[in-house]
Each structure stands twice: as structure tokens, then as C-alpha cells.
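Take the sequence shown: its letters are residues 1219 to 1906, numbered as in the numbering used here. Remarks on the structure that follows.
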Amino acid sequence: MDRGWEAVLLGMLLPVLLWFHSVFLRKSWVKALIAGLLVLKLCMSFFLTQAGWCGRIIGPDYRDADTLIVEKSWDVRADWRSKEPRCSAVIDRPYLDGPGFPVWFSNLSRGTRKEPLSTYTMEVEGFIAPRQAGELSFKIGPDMLLEGRVGSHSVGQGKGGAPGVWIEPGVHPVLLEIVLTGSSWRFEPLWNGGDMWREVDTTVKQPNRLDRMLSKPLGFIVLVWVWVILALWLRSAFRVYRPAPAFLTWVLGASFVMALIGWMETHSVGSVHLPRLAILLLLGCLGIPAALPLRNLRGAFLLVGVPWLSFSVARSLDLIGKVSFYPSGDDWFAFQWFAHQIFMEGRWLEGGEPVFQVQPLYRWVVGLLHLVFGDSSVGELYWDSIGLLIMSLFAFHVVKKFSGFKPGLFALVVTLATFVIGPVWAVIGRGLADISGAAFAYLACFWLLRSRLRDPRGVVLAGFFAVLAFYTRLNHLPFVIAIGVLVWPLSVPAERWIHPRHMLRYTSVGPFILYELLIAAGVALFALRTWHYTGVFSVMHGTIAGYHWMELAPAAILPGEILHKILINVLRVVSVHGMPGRSLLEDPRGVLVMLGAFSALLAVLRVPGPRRLPLGPCVVCLGAIVFSLYLVGRAYPGRFSIHLIPAATALAVCTLSLVFNDLKTWIGMAGSLLEKKDRSAKLLQMRR
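Here's what the structure looks like:
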């Protein structure tokens, strides 16, 4: 999906609709409509020749610079699984700059350079079939040389452009050779001065009669078919939920404003801090009335989630169809490297290394995102944006159950704000594993909460997502174990944990045991894989855990120095900024997280007041901190707090709600006492 509308509609809108209004897909006529579309696409792939031209890029092998190979790109239409691919990519759009070329592979060998400076040769092969005569010309970059043939015509070489050739109607072979040097690249075929790809039929092989007759009409039919399905889907959702005019106006207006701010952030318009602070504008949703059918998770998604995703989509527009270049040596480069090892070189189980020095699962996630979105890294931005929204919706759900819909909306916005305004902003869309691991964990939370609705799949799916969270970030193991407490209702106060018999009155212990057994099975499978490659049955063997392990001098159990180190490390996590020695007065962006973590500790200690907080989120919050007792978070400030932020922020809002309600009660009691005192005084005066 290297075009804007494809990436936005199929990469963002489709997943959202699958969750928000999946009931639409249960209708028989909808199933028939989708099946018809799939059959049509299948027939087109079998009977019609692939549109576009075959682009074969020849360059140095990243393993041996003296060896030239045909490079591969993340284009599933090309020979991405072949050892000797015929095509590196299918060219069916103009390449207007260097990142627009299918040169993701340059990340593998370019070291710390920010642009692909190696010399490559791009051979373009295919056919052009104009229906009317016209002039074909090419715009190329100043660092490029082009020569070749189109039909019987030679194309002259030159820098910046090539003279046009007159092409008669019919089928003509195209064979071009383009030398790419430097980084100022452009390849834009023009037909009579306009975009050739829109005006003329092109194919990678000799087209047949069916291609010329049906290719364009069927392509248009598929496009209309997709738009019709999406339009009917949106119409069905609107008819089911029937948002009030004020509600709908807010959703559309806030989405437009947030999209505009996202565009401004991408194009460096205005203050650099404006886009991050603009997330607080979503607090305006607290003044929007919501009908009863929308005072739930879906209503919160419409009020806050849709504007947030609009902001993310606007930020992504310049990334669609373009390669991101990664400096070598960083974690995000490592994930890209290993994704290539898995998907391009077939190291499916090994994952690029026998033991995982960097976090395991995310490399497979990166590869799958590239298969969907091509060379572009826009998929990582969409993935992270949806992940942050999942976590924030968990905070909404907890607070809504405890305090009501409006406080839940407040928790949703401030959770997103903590991510965006805090240091976590720097890792959104950068291709790191932290957001993915936390999102998987909170999906497990949602499925555990659903498991109490007599849905046995809930516990199994919760265990599945918890194992994915552990595989994504190994330090999440204590966290996902603690999540099992969510099999108990959110109505259970934290003070009840000390009475097991009372706990068993709320729910059976069976789901909890099943969930923990699933995690144990996942851990055992991970250790079994390590044993397969190394002969050592271990989870941490060969990983980078030693680099993060807290340096504790051997001494008596928990001496003052060790306690001090542990406390400093815990404060790094709960303060979000991750900087030792920086106080909340200097950086207050993590104040809600710190309040929530402190409230969770007081709650499980059964301190009056906080002990009324819900047990499950308190245990989840403390479980998110456990790893900081023995591991030190290094590099990328804020990343080791991501999984803590939703649970802690939810508890902070619940605590503030408790304080507010208690103040109201005390003020009411004081008013009643004063009123009684006044009445007593009046009665005494009347008696006298």
C-alpha cells in the first residue's frame, strides 16, 4: 500500500471498523459482497498480467561489497522470496525523490549515512500499450543517467531529463537502464506531459487481449467496490449508534482540527510544542452530551480516539510510499535488520540470531508491517498510534467503572497526553518494541475483563496476548503475571486481597489458574527454542538482560546502598522521564503516574481511603513496576514507563475522584451540622 488512500483506508480505517462495528460483517449480503470482491481480485491475479513495470535494482551485496546482486524490496508483487529475483519491485507510480525509490535494502549496508549514497543500477523492463499516439518522456534526478529503448526508439541519456519519443498506438517493449549515484533521484515517466501511469496501460510482461480489454475497467470496478463496502459499513454504524448532532459535530470538528495540527507538525509550521500540547484540546469532549448507547468504550473511542487517529494519519502522509533510513547501531535498525533476515532470507524460527540480544517478537511484527505497507515505515506509526489508544481506552474503562463516564473520558485524554507530552513522544512510530509489548498486555487485560461475561475464549485469548507481550519485551513477565488478577471484577476493592474466602465469592479461581498456566507454557516454549539453538534451557541466556541488570554489590540482604539504588531506579520508571536526579518540579509530566503508583501501594497496604481503589488495576500497576527492582532502563527516556502509564493514570484519576467525593461528603456533612446548629439556636431563642 504505497498510495495515500490505500494506506489510510485499508491500513487505518479498516482495522478500526473491524473492531468498532464488526456486527456489519455478520450479514449474509455483506459476506457475499466481500466474497465477490475477493473472487474478482483472485481472477484478476490469475488471468491478467501485473500492471506496471519490473524494476530490477542491482547493487553491492551488504555481506560482500565486491559482489553485485539483484536487491530486494518489501514489495509482495515482486520476487521477494526468490534467491535470485527477477524484479526488485513493481514500478507503477512516479518516484519523485530518493526515499520514494524502493531502496529499503540500502539500510543494510550504508552504515551511519542518512541517505543511500552507494551507486546502483536500476533496470526497468516492461510494456507500454497506448490507445492513441503520444509523446513519452522521462524526468530524472541530477544524480542519474538514463538510456535504453522504448519500442524501436532509443532513449538518449542525460542528467535531469531525457528527450521525449513519439509512440504510436499498440504494444511496445520498454527496456531502460538507469545509473543511480548520490542521493538526488527522480524517475517520472510522462505521457504528453502528464502522469504516464494514469494515462497509459503498462504491464510487466507482454499483455494479452484480456489485459487491454479488462485491466482498466476491472481496476476501476474494484476501487468502486471497496468504496461502496466502506460507505455501507459507515452508514450501518451511523444507523446503529445514531450520534446526536452535537456529538457528531464534535467528532468531525475535533478530527479536522487534530488532523490540521498533525499536518502542521509534519511540515514544521508553528511552534514545535504546539502539536504535543494540542492533545489537551480533547478535554473539550467533557462538555459534549452522550446518549446512553454511547456512554461506553465505543463512545469514548468516537470522542477521543477518532481525533487522535486523525492526528496520527495527518502526521503519516509524508511517509506513505517512502523509505525510512535508519542509522546503524540503534535498536530500531536492529529490528529492521532482523525482519529482513526472517522474511527475505527465510530464517523464520531463528529470527536472525540464535539467542535474542534484542527483544524477540517485534522483528516479526516489523516484517509483517512491511509486507502490508511496502518499504515505507508508515505502518509502524499506525501500529504505535493504535497501541497507545488501546492502552488509553483501558484507563477509560477502569475509571468509568469506578467513577463514571465523564471521569473516564478525562482519564482517557490525560493518559494520551502523558504519552504525547512526555518523553514517550520520541518513540512513537520509531520502530521500537515497547509500545507493541504494552499494547499486547492491555489487550490481555481487556480479554480477561471480558472472560467474566461467561465467554471461555476470553481467558485463552488473554493468555495468548500476554504471551505475545512477554515475547515482545521479556521484562514484561512480572507484569503479565500480575494481569491475571483482572479475572476478579473491578468492583472488588484492594482491601479484600487479604481475605481469600471473600475473593472466591466474586469469581472462581479456575480462570486465574488457566491464564497463569498459559503464560507458563509460553515461557517454556521460549526456553525450549533457546535450548534448540544453544543447548541451554533458559529464557535469559544470551540476551541483553546482563546490560540492564542492576549492579548490586554483594553484601547483607537489602543494605542501605542497595535500597537506595532500587529506589532511584523505581523513581526513574514512575516519574516517566527516566532521568535520575530530576524532580517533579523540574519535569511534572509524570505526576499522575507517580500519584497512581503511590496510590496502588497504599491501597494494597490497606491504608484508609486508597484501600477502596479497585484491586485488579492496583496489582497490575505494581506488577508493571516489579522489573525495576532488578533491571535498569537505559537509553530512550520514557520507554520503560510505557506499560505503567495507563494503569497508574487510571488509579490517579480514581484517587482524585475519591478525594473529590469525600470532600463533597464532608462539605455536605459540615453544612448539615451548621444547619442543625442554626435550627437549635433558633429553637432556643423561640423558647426564651
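For glycine and all other residues, C-beta sits at the position ideal for the given N, C-alpha and C.
Measuring straight from C-alpha to C-alpha, what distance separates residue i and residue j?
i: L1869; j: V1788; result: 18 Å
i: G1344; j: R1430; result: 15 Å
i: P1828; j: H1795; result: 25 Å
i: I1604; j: E1571; result: 29 Å
i: V1757; j: G1740; result: 11 Å
i: E1353; j: V1383; result: 5 Å
i: R1747; j: Y1733; result: 22 Å
i: A1651; j: W1601; result: 11 Å
i: K1357; j: E1386; result: 21 Å
i: R1516; j: R1349; result: 51 Å
i: M1360; j: S1306; result: The question names Met, but residue 1360 is Pro in the sequence shown. Going by the C-alpha atoms only, they are around 23 Å apart.
i: V1308; j: S1817; result: 56 Å
i: A1464; j: I1506; result: 7 Å
i: I1784; j: P1641; result: 22 Å
i: H1717; j: V1809; result: 32 Å
i: V1850; j: S1654; result: 20 Å
i: R1311; j: D1282; result: 31 Å
i: I1780; j: A1853; result: 22 Å
i: P1320; j: G1597; result: 16 Å
i: S1300; j: M1562; result: 8 Å
With H, G and I counted as helix, E and B as strand and the rest as coil, what does DSSP make of residue i?
i: P1391; result: strand
i: P1381; result: strand
i: D1805; result: coil
i: E1353; result: strand
i: E1406; result: strand
i: Y1313; result: strand
i: T1867; result: helix
i: S1594; result: strand
i: T1725; result: coil
i: G1200; result: As displayed, the chain neither begins before 1219 nor continues past 1906, which places residue 1200 out of reach and without an answer.
i: A1508; result: coil
i: A1738; result: helix
i: A1962; result: The chain is shown from 1219 up to 1906; residue 1962 falls before or after that span and cannot be answered.
i: A1712; result: helix
i: D1413; result: strand
i: P1832; result: strand
Would residue i pass as a contact of residue j if the rule is Cβ separation under 8 Å?
i: V1631; j: V1522; result: yes
i: R1649; j: S1709; result: The sequence as given places Gly at residue 1649; Arg does not occur at that position. Contact: no.
i: G1318; j: K1540; result: yes
i: L1393; j: L1364; result: no
i: A1613; j: T1867; result: yes
i: R1295; j: R1274; result: no
i: T1467; j: L1535; result: no
i: N1693; j: F1456; result: no
i: G1841; j: P1696; result: yes
i: I1860; j: A1656; result: yes
i: L1627; j: G1681; result: no
At what residues does the beta strand (DSSP E) containing residue i begin and finish?
i: M1482; result: Note, M1482: premise wrong, no beta strand (DSSP E); alpha helix (DSSP H) at P1463 to T1484.
i: Y1338; result: Y1338 to A1347
i: S1372; result: H1371 to V1373
i: T1285; result: D1282 to V1288
i: H1276; result: Residue identity differs from the one stated: residue 1276 is Ile in this sequence, not His. First-last of the beta strand (DSSP E) with I1276: W1271 to D1279.
Looking only at its own chain, which residues have a Cβ that is under 8 Å from the Cβ of residue i, when we skip the five neighbours before and after it?
i: L1634; result: I1497, L1500, V1522, W1526, L1606, L1607 and S1610
i: K1434; result: D1419
i: F1658; result: F1683, A1684, L1686, A1687 and T1690
i: A1351; result: W1384, I1385, E1386 and P1387
Under DSSP, the alpha helix (DSSP H) around residue i begins and ends at which residues?
i: P1435; result: R1427 to Y1459
i: R1367; result: R1367 -> not in any alpha helix (DSSP H); beta strand (DSSP E) instead, spanning M1362 to V1368.
i: W1706; result: No alpha helix (DSSP H) contains W1706, which DSSP labels as neither H nor E.
i: T1399; result: No alpha helix (DSSP H) holds T1399; DSSP gives it neither H nor E.
i: D1419; result: Element bounds for D1419: not the alpha helix (DSSP H) but the beta strand (DSSP E), D1419 to T1421.
i: W1526; result: V1524 to S1534
i: G1254; result: S1246 to F1265
i: H1558; result: D1549 to F1561
Within the same chain, show all residues whose beta-carbon is closer than 6 Å to that of residue i, passing over the 5 residues directly before and after it, in chain order.
i: F1574; result: T1761
i: F1755; result: A1745 and W1749
Kindly list the residues whose CB is nearer than 7 Å to the CB of residue i, restricted to its own chain and excluding five residues on each side of it in sequence; keep chain order.
i: E1333; result: Residue placement at E1333 is flagged as unreliable, the pLDDT there being 47, under the threshold of 50; a coordinate-derived value is accordingly withheld.
i: W1445; result: none
i: L1833; result: V1703, W1706, V1710, P1711, A1712, R1714 and W1715
i: W1451; result: L1235, H1239 and F1242
i: F1323; result: E1289, K1290 and S1291
i: H1558; result: L1326
i: I1775; result: For I1775, the pLDDT reaches just 49, beneath the cut-off of 50, and the residue's location in the model is therefore unreliable, leaving the point undetermined.
From the beta carbon of residue i, is the nearest beta carbon of chain C less than 8 Å away?
i: S1324; result: Chain labels in this structure do not include chain C; a single protein chain is all it has.
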